[in-house]
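Contents: one structure, followed by commentary.
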Amino acid sequence: MVNLTYDLHIHSCLSPCGDDDMTPGNIVGMAAIKGLDVIAVTDHNSCRNCPAAMAIGEQYGVMVIPGMEINTSEEVHAVCLFPDLEKALAFDAYVYEKLMKFPNNPEIFGKQQICNEEDECIGTEPNLLINSADISFEGLWELVESYGGVMVPAHVEKSANSLIANLGFVPPDSRFQTAELKDLKKLHEVRRANPYLEHCRIISNSDAHYLEHIREPELTIPVREKSIEAVLEYLKGL
């Protein structure tokens, strides 16, 4: 068993709300400087900066999990993580087809930049990625699982774009085994109000949109080995 320091919810410059300095190379470099063992790049409704981040992660010795923060039809945010790049990009294509198409205005919403392994911008996404996708939270666990991945409801204590705020409750037939809180000081309060979370594992990520907000190596998850598969097993409650 090994304890890995982590930050599994980080936005790159592909997210319109992500700072332009949040290139894959800068993200991985900052994670290495801070001493994080594993990170995940989780842009809004897209995995297209994961190839560069994973390649750079191999150079820096930081394990990078490919993922995205999906915005469901109910405007619920959830972190979706995948065992490999092929499955992540297949899920990306599925979500893009379901995404509400609305042209991005970079001056209003921010740039949506796609980078290569040299950390160069090689393109931009024309449609606004922070829109909702025509995918319901109901069945999201099964959908992500069909791609070999795991779904974790994001920042469940927040008053907007969270499972509890937008649905008003945790569906009793939910299957997720791990939930994310940004502010762990609210853990007991949230669990008291939502008994389903009593049996869930809880992780806390940065949801970073700026380099300086990437989490310090203060929290760990216990896994059987340092591998993406082992991290996903932990998040699935295995």
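Numbering that gives the first Met the number 0 puts the first residue of the sequence shown at 0, with every later residue one more than the last.
All C-beta atoms in this analysis are idealised placements derived from N, C-alpha and C, irrespective of residue type, glycine included.
#1: Give me the Cα-Cα distance between N25 and D118, rounded to the nearest whole angstrom.
#2: Just checking my contact of I38 with I9 at CB under 8 Å: how many whole Å lie between their CB atoms?
#3: Looking at P105 and the ligand SAM, is the gap between the Cβ and the nearest heavy atom below 6 Å?
#4: Would DSSP call Y146 helix, strand or coil?
#5: In whole angstroms, what is the alpha-carbon distance linking L218 and Y5?
#6: Quick one: using the 10 Å Cβ neighbour count with 16 as the cut-off for buried, is Y146 buried or exposed?
#7: Does the segment 9 to 20 touch the segment 127 to 134, meaning 3 or more C-beta pairs lie closer than 8 Å?
#8: Answer yes or no: do H149 and L234 have a C-beta to C-beta separation smaller than 7 Å?
#9: Kindly list the residues whose CB is nearer than 6 Å to the CB of F136, restricted to its own chain and excluding five residues on each side of it in sequence; keep chain order.
#10: Write down the C-beta distance between V1 and E224 rounded to the nearest angstrom, noting that I regard them as a contact closer than 8 Å.
By the coordinates alone:
#1: Counted from its first residue, the sequence shown places residue 25 at position 26. Counted from its first residue, the sequence shown places residue 118 at position 119. Between N25 and D118, the C-alpha separation is close to 8 Å.
#2: For the purposes of this step, residue 38 is identified with residue 39 of the sequence shown, where counting begins at 1. For the purposes of this step, residue 9 is identified with residue 10 of the sequence shown, where counting begins at 1. Yes, they are in contact, since the Cβ atoms of I38 and I9 sit about 6 Å apart, within 8 Å.
#3: Of the ligands one can find in the structure shown there are none, so the ligand SAM has no counterpart to examine.
#4: By 1-based counting over the sequence shown, the position of residue 146 is 147. Here Y146 sits in coil by DSSP.
#5: Translated into positions along the sequence shown, residue 218 becomes position 219. Translated into positions along the sequence shown, residue 5 becomes position 6. Approximately 7 Å between the Cα atoms of the pair.
#6: Your numbering for residue 146 matches position 147 in the sequence shown. That one is buried.
#7: yes
#8: The residue labelled residue 149 in the question sits at position 150 within the sequence shown. The residue labelled residue 234 in the question sits at position 235 within the sequence shown. The question names His, but residue 149 is Val in the sequence shown. In this structure, L234 lies closer than 7 Å to V149 by Cβ.
#9: Taking the first residue of the sequence shown as position 1, residue 136 is located at position 137. T71, E73 and V75, listed in sequence order.
#10: To locate residue 1, count along the sequence shown from 1; it is residue 2. To locate residue 224, count along the sequence shown from 1; it is residue 225. The pair is a contact, with the Cβ atoms about 6 Å apart (cut-off 8 Å).
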